[in-house]
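**Q** Have a look at the structure that comes next, please.
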Amino acid sequence: MAKYSEELDGLFTALADPTRREVVRRLGRGPQSVGDLADAFPITLPSFMKHVRTLEANGLIRTTKSGRVRTCALRRERLALVDGWLAEQRRGWEERTDRLERFVTDPEEEQ
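What follows is the structure, encoded as structure tokens:
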């Protein structure tokens with residue numbers, strides 16, 4: 002999993018901010034223009050664009066421009082990388098809790 006470390010670090014950094022998480026959540030419903038997305042937040046458009054650039058730089062969204070309208074779309078496949086990492090962590094913790102359960106319910110078995 003070490004080869005994915007930089008990618009995961011970037012994804013988690015991008016998702017660490019509540020504004021960016023909300024943008025990802027909204028884009029989960031479908032593509033939206035930057036203007037429509039920005040209207041939902043009490044920040045200036047230049048500040049909002051920093052969030053868009055962070056999400057795009059880390060591959061969570063892609064933007065396209067048609068005329069004067071920039072549209073954002075979620076790249077769901079990038080979330081699969083996070084999901085895979087979380088699944089790996091979950092497996093490890095489930096194995097540990099299973100061992101703990103066996104130890105608690107049958108202490109003789111562990112010795």
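All residue numbers for the sequence shown refer to this note's numbering, where the first residue is 2 and numbers rise by one.
C-beta atoms are modelled at their ideal positions from N, C-alpha and C, and glycine is treated no differently.
May I ask you to list the residues that DSSP assigns as paired with R62?
**A** Here residue 62 is Ile; the residue named in the question, Arg, does not match the sequence. Answer is L75.
**Q** Please report the distance separating the alpha-carbon of K66 from that of T72.
**A** Near 6 Å, if we compare the C-alpha coordinates of T72 and K66.
**Q** Over the uninterrupted alpha helix (DSSP H) stretch that includes A68, give me the two end residues.
**A** According to the sequence as given, residue 68 is Gly; it is not Ala. Note, G68: premise wrong, no alpha helix (DSSP H); not H, not E.
**Q** Which value, in whole angstroms, describes the spacing of the CA atoms of V24 and T106?
**A** Going from the Cα of V24 to the Cα of T106 covers about 46 Å.
**Q** Taking its Cβ as the centre, do 16 or more other Cβ atoms sit within 10 Å of I62, making it buried, or is it exposed?
**A** Answer is buried; the Cβ neighbour count reaches 16.
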